[in-house]
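So the protein lines, in turn, are chains A and B.
The first sequence begins at 1 in full-length UniProt numbering and counts up by one.
The second sequence begins at 1 in full-length UniProt numbering and counts up by one.
What follows is one structure encoded as structure tokens, with my remarks underneath.
There are 2 protein chains.
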Amino acid sequence: MPVNLKAPDPAALHAVAGVELGTARAQIRKPGRRDVLVLRLAEGASAAGVFTRNRFCAAPVRVCREHLERSGGAVRALVVNTGNANAGTGERGLSDARSTCEALAASLGCAPEQVLPFSTGVILEHLPMDRLLAGLPAAVADLAPARWAEAAEAIMTTDTVPKAVSRRVEIEGCPVTVTGISKGAGMIRPNMATMLGFIATDAAVPAALLQRWVREAADASFNRITIDGDTSTNDSFVLVATGAGGLRIDSDQSPGAAQLRALLVDVSRELAQAIVRDGEGATKFISVVVEGARTGDEAAAVAYAIAHSPLVKTAFFASDPNLGRILAAIGYAGIEDLDVDRVDLHLDDVQVASRGGRHPAYREEDGQRVMKQQEITVRAVLGRGDASTTVWTCDLSHDYVSINADYRS
Amino acid sequence: MPVNLKAPDPAALHAVAGVELGTARAQIRKPGRRDVLVLRLAEGASAAGVFTRNRFCAAPVRVCREHLERSGGAVRALVVNTGNANAGTGERGLSDARSTCEALAASLGCAPEQVLPFSTGVILEHLPMDRLLAGLPAAVADLAPARWAEAAEAIMTTDTVPKAVSRRVEIEGCPVTVTGISKGAGMIRPNMATMLGFIATDAAVPAALLQRWVREAADASFNRITIDGDTSTNDSFVLVATGAGGLRIDSDQSPGAAQLRALLVDVSRELAQAIVRDGEGATKFISVVVEGARTGDEAAAVAYAIAHSPLVKTAFFASDPNLGRILAAIGYAGIEDLDVDRVDLHLDDVQVASRGGRHPAYREEDGQRVMKQQEITVRAVLGRGDASTTVWTCDLSHDYVSINADYRS
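Here it is, written out as structure tokens:
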């Protein structure tokens, strides 16, 4: 059961001028489900992306990087399949990803390097190219602007609900639309971006600026979530600016640039948090805030130590205020000169520890009350400096084990 | 159910001349179980230890380090309680650990700094000093050489079987005995040593040499196991040499030194592996071998990435050869310049991947056959150099979640 997350209302997902979407049921792995998605972008659109840092990055990730570079961001289409990650597949995997782009480019009348390929699913198996290529014409025939809900559904794997966020605002007197989708529920500790996030706006943003923004948005969203600490081979996060609306941004200094950037970060964060809310087996949504660190990296190391600890995560699952486990995680986060006698720990409004030990006024029943909530904020204050960060995660439940023990069966 | 691990036969645990052990039921946390252990060492014994690197190290760990230094290793007693870790307890925790040593020293007629204290159990709660001090006289009255089985039982927490290893050999014509005990089943990713390992020999070994050996033994045993990646606040591993037997070792060059050192490493490794075999919820015992790394640290980083991955561990639990998860873990282990096209992966005698992709001859049923075993060796060959290491771990099962969600209730 996802934590405070519902499937989006299709009517609330605004079309983005310059983007059409189409899906198909290609039986990549299982029959009957949408498993291929094509996004067509209008001429003049620019795209930018960030991708997994896993050294075993999947073939489509390598091809995405090549194509973004060769096309200078002048992308005309994205193609996504679920059910098979095309990772750990060597030369044949690369050739499969390239053939997919070529087939779609021929059908849409653009260059192959203007197509970005994405795959998600099982690792170490070859793509069923016959079925994938056979599915493309159906997805192309389905292309239409009002297909975001179907698109969000088509990229799901172990997700239990589709994830989409849409906003329509006015910036500098121009109506601007931002709509995005994401997927992911396990193998989630993005290290640049997660598999998969796609966000489109009808504003015009040059590719170089969009590339900077996509990194900044990832760092504030997809790079701040973790479910199980496993960085996927396929993480990809792509921002698209079609320029088909009225707002034109030329640089950070353009009127409306700051507002659009903030909107993109906001949508990214909501999509990233949706992945945690639908984390495999998740019953709670946990925000881990670390303050008083010397550097942002130090804050992140402590936040991830807490967010990855199986003992901390099972305690959240059990609503058990066994909070010494959080102190233990802070202690092994790798800060060699951490003075534990300066560390404070809070659970929402309850101070648990002060100066490295149990807070004198802390009562078990107060900890218990917070632990029973569905949404909990852990706040660790290190007392070393001014840097801080927030990481979002979920608990570790029986269902996580069930889902991952049964994934392929 | 522990993996190929049975409770030791008490008759097979040889007494070590110069060591007496006594236990008591002090109701530290739960009534009716042995929860206090005292080891008395003969005059002239030397002891050396390695302790957790967790910055939130427990009060008894701090006091152990002080006492080892002040006594120069001339230790006369160890005192252990379970049920409460005396960690995250500030000044009062230190004072409690010191009072415990003082009380035992008074009873045994030695100096307080000749007593080493150890605690294990819940973090962030104060020791029930009244009950602990009341239990000491009973443990002292119980002191006898043939109590290793009871001692192994008295230090258990979530362990399902007591862990003890005993060897009697002849070195340079002298009979030499080595007997040790360990405990631990969760919060296991020792970073110097694990909570708790105690090994005693009746050979004579000077404290400085013993200190070197305890580090080397830890690095080859307790520092190569992981259950959940959580480094405890209380990890402690102590070697004792009573000198009450016939063998005298003065330096690494003494006759028999190499043999005794190898024996101590061997016993350490068996005790460390016993902790993994009894890992919380473990159904499989996994050896992760990484070869062809540039450095030992690099090999260890890859081995731990595999051994900590919840996705890899749940796949082992399910006997599912979803081996792409192992490649993904290798890929995110932090080797920035890893050439994945040189990576091979083996599961026992089955080659799964070659040159970064699926091995042409790999068949799913071969992977399945190995995954069904109770003991499995994963071997990753990086193709970068000559360094290698082995880490031992277990799978991640439903019972791990149950045990840790219920631990305090």
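A virtual CB, placed ideally from N, CA and C, is assigned to each residue, including glycine.
Helix, strand or coil for residue i? Go by DSSP, reduced to three states.
i	result
P117(B)	strand
E66(A)	helix
D130(B)	helix
G18(A)	coil
H359(A)	coil
L37(B)	strand
D344(B)	strand
Q368(A)	helix
I376(A)	strand
A152(B)	helix
C101(B)	helix
I3(A)	Strictly speaking, residue 3(A) in this sequence is Val, with Ile absent from that position. Coil.
S107(B)	helix
A26(A)	coil
Below 8 Å on the Cβ atoms is my guess for residue i versus residue j; work out the distance and round it to an integer in Å.
i	j	result
S268(A)	A217(A)	4 Å
S71(B)	E113(B)	5 Å
L311(B)	D230(A)	5 Å
A207(B)	L132(B)	Incorrect: roughly 28 Å between the Cβ atoms, too far for contact.
E20(A)	L127(A)	24 Å between Cβ atoms; not a contact.
F56(A)	A87(A)	6 Å
residue 433(B)	G32(B)	Here chain B has residues from 1 to 409 only, and residue 433(B) is not among them.
A149(A)	L13(A)	6 Å
A139(B)	V38(B)	4 Å
T393(B)	V205(B)	Between V205(B) and T393(B) the Cβ distance is about 31 Å, and since that is not below 8 Å, they are no contact.
Given this structure, state the Cα-to-Cα distance separating residue i from residue j, to the nearest angstrom.
i	j	result
D349(A)	P321(A)	14 Å
T23(B)	L136(B)	9 Å
D339(A)	G331(A)	9 Å
Q211(B)	L345(B)	37 Å
I326(A)	D219(A)	24 Å
T390(A)	L347(A)	14 Å
R358(B)	A300(B)	24 Å
W213(A)	R261(A)	7 Å
M192(A)	Y362(B)	For M192(A), the pLDDT reaches just 42, beneath the cut-off of 50, and the residue's location in the model is therefore unreliable, leaving the point undetermined.
S166(A)	A7(A)	13 Å
S236(A)	Y304(B)	25 Å
A74(B)	A272(B)	26 Å
R65(B)	F51(B)	8 Å
D406(A)	A318(B)	7 Å
F198(A)	S309(B)	27 Å
A15(A)	T179(A)	7 Å
E102(B)	A111(B)	8 Å
N54(A)	A328(B)	7 Å
V63(B)	L5(B)	33 Å
G383(B)	T377(B)	19 Å
R92(B)	D130(B)	14 Å
K163(B)	M156(B)	9 Å
V290(A)	D297(A)	11 Å
On a Cα-Cα basis, can you pick out the residue from the options that is closest to residue i?
i	options	result
A42(B)	E270(B), R98(B), R342(B), T242(B)	T242(B)
K372(A)	M156(A), V214(A), S119(A), A315(A)	A315(A)
D278(A)	G296(A), T226(A), A305(A), A149(A)	T226(A)
A244(B)	D35(B), A17(B), G229(B), P10(B)	A17(B)
S354(A)	V63(B), L124(B), S309(B)	L124(B)
I306(B)	G32(B), G296(B), G292(B), S287(B)	S287(B)
C174(B)	L37(B), V370(B), G256(B), L382(B)	G256(B)
A11(B)	R215(B), R147(B), V140(B), F198(B)	R147(B)
R29(B)	A164(B), N84(B), V79(B), P2(B)	N84(B)
L264(B)	S221(B), I335(B), V79(B), R379(B)	S221(B)
T233(A)	S119(A), T177(A), R168(A)	S119(A)
T295(B)	V343(B), E170(B), G385(B)	G385(B)
D159(B)	M1(B), R98(B), A387(B)	M1(B)
G281(B)	P360(B), G186(B), L94(B), E172(B)	G186(B)
E370(A)	A380(A), V302(A), Q351(A)	The question names Glu, yet the displayed sequence has Val at residue 370(A). Considering only alpha carbons, the answer is Q351(A).
V176(A)	R40(A), L196(A), A200(A)	A200(A)
Taking only heavy atoms of the ligand SAM into account, decide whether any of them is closer than 7 Å to the Cβ of residue i.
i	result
G331(A)	The ligand SAM is not part of this structure, which contains no ligands at all.
### Message
Which runs of the alpha helix (DSSP H) at least 4 residues long sit entirely within the region 158-243 of chain B? Give them in chain order.
### Response
Every alpha helix (DSSP H) of 4 residues or more that sits fully in the region 158-243 of chain B is shown, in chain order, as 207-219.
### Message
So within the region 40-86 of chain A, which uninterrupted alpha helix (DSSP H) runs reach at least 4 residues, ignoring any that extend past its ends?
### Response
59-71
### Query
Can you list, in chain order, the stretches of the alpha helix (DSSP H) that have 4 or more residues and sit fully within the region 247-322 of chain A?
257-277, 296-308, 310-317
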